[in-house]
Amino acid sequence: MKKLSGKNIWTAIIFVVLILIPVIFIQWGSGEFAEAEQRLLAEKPVLVLEDGTRNPNIWDEVQQWLGDHIGFREALVRIHANVQFQLFHQSPSDKIHIGRDGWYYYTLDENLQIASGEYTLTPEMLEQILQNHTVIRNKLKDKGIEYVIILPTSKVSIYPENMRYGDEAIRQTPVDTVADYLEEHSDLKVIRLKNVLLEAKQSQQVYFKTDTHWTEAGAYAAYQEIIRRMQGWGLCAKNPVKVVFEDAEYIGEFGAMMGLDLSAEPTKELYIQEQMGIKDPDSERSARFHETVSAEGIQTPCYYYQNTDVTGPSVMVFGDSMLGGWNATELLAENFPELTYVWAPSLSEALIETMSPDVVIYELTERYNNLFPEKNLSYMLTELPDYQAEVISFSWEGQDLTATIKNSSNSDWNYGNSIRLGIFSEGNDTGLRVQLPMGKTIRPGETVDFWFSFDEYPGLLDKRIEVQMLHEGICYFGEKKLAAGIENMGIS
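Note that numbering that gives the first Met the number 0 has the sequence shown beginning at 0, numbered continuously upward.
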């Protein structure tokens, strides 16, 4: 037997120590936020679930937790990120595209597809977007509240020339398509911001290079256009306020997302001259607003502004980070006696009832346009005048079920009003749903085919399967029926 040399023994010892050190210094946290990756780390795995059964995913969860909490992990992530970035000129994160001349772009939510013209926005989606906005407008109108839609623009729509692929052309993008469709088919109040940002781009930088958001110069250009349009509708009397810009620096969110320390970029910071809007004053209205925000479980920033220097309608804004920062709310607060900003993707009935605004503004970033049909479903939920449905027929193809249902009520059914087909097992609601086709309205007397595949739920086919129509969150309706064909699949 060959004897190990002293050199080989020390090599083996060093190798073992290097492996053990990260294990010895493992971090025993759970679900904390990782700055280097801008995400929540894995929760500690549990062997036994709340119902007393063994966790079937225990080993996968252990691996995920160990991978997220091994010693020196954040330092190793940063080293790996710098090697990829500095040595191979590659993005360390699949969330970020490295463009030219220090420009970076967010890649998720089909953001890059906006610039290439491949963003998913079907005619059915456009029709559903129109239907949903119309339902919201009509519901607010019944309360005497005006409804305004703001369509911010993605950075890739304004600066496509700094990406590393595509034709670099300014093109028709989702905000143009959505605005065109809404204006062509309705009298909804829509504020476009793309053209004013393209115009402002000629003289100043309107989006950050290292962030997905507009700069304060871009926000100010957008604010001026918002006020101009609202003045045209008689919803604002005061002109845009004057501001001054001062040189500043800004470190965008993309460096942290890639695990890199990107240099601060030069920018312009705005200051409002003779600012009159007071943020979160010590008042009963302000307290009531924040109490309702808390009761609604909203944890993102929300603001209340009071301005006794102006008259006109009170305004409540529901939006995302485009209006949530960059002094955008401070600017808008200069033009209305009361402005409340709610950082949320859907309208809140409770907040609207609490504050009773004269105007509700809804803002949604461009890359989320094709997700809008999923927003505001709870707010739009309204009991229909009647509920009647008739199961016409069933057909099976393998494990795929098609149920043909007739709308025998006097009310329209559509995707937006949450009329769905429910799947039941042994008389119990499984929670499985089949949605109506997006953008299509099923009128009284019409039929619709609901298709459902049991491929991912093979165990259900050993049980008694029934279907029934329902208005999600309100009621079941129509007869609950055994799905024909089950007997042929060996189910009694």
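The beta carbon of each residue, even a glycine, is placed where N, CA and C say it ideally should be.
Taking P239 as reference, the option from S355, P312, I226 with the minimal CA-CA separation is I226. Under the 10 Å beta carbon count, N409 is surrounded by fewer than 16 other beta carbons and is classified as exposed. Closest option to R170, judged by alpha-carbon separation, among H184, Y164, Y180, V155: V155. Only residues of its own chain outside the window of five on either side were considered, and among them Y222 have a CB closer than 6 Å to the CB of L330, listed in chain order. When secondary structure is reduced to three states using DSSP, V240 falls in the coil class, being assigned neither helix nor strand. Going by C-alpha positions, N334 is about 36 Å away from G101. Rounded to the nearest whole angstrom, the CA to CA distance from E365 to Y158 is 14 Å. A direct Cα-Cα distance of roughly 13 Å separates L48 from E60.
Here Q272 carries a coil assignment [DSSP, helix/strand/coil]. Check the Cα spacing between R284 and each of Q305, G276, G296: the tightest is with Q305.
Pairing A199 with A220 gives a Cβ-Cβ distance under 8 Å.
The continuous alpha helix (DSSP H) containing G254 extends over residues 253-257. Counting C-beta pairs with one atom in each stretch, the stretch 453-472 and the stretch 412-424 have three or more that are closer than 8 Å, which means they touch.
Looking at the DSSP output, R419 bridges to Q434, L469. M257 and Y164 have their C-alpha atoms some 20 Å from each other. Apart from sequence neighbours up to five positions away, the residues of its chain that approach K94 with a beta-carbon distance below 6 Å are T106, L107, M256, ordered along the chain.
Per DSSP, the continuous alpha helix (DSSP H) segment holding D175 begins and ends at 173-184. With a 10 Å radius around the Cβ and a threshold of 16 neighbouring Cβ atoms, E245 comes out exposed. By the neighbour-count definition (other C-beta atoms within 10 Å, threshold 16), D210 is a buried residue. Nearest to L435 by C-alpha distance, out of I464, T403, F423, is T403. The alpha-carbon separation between P151 and K462 amounts to approximately 50 Å.
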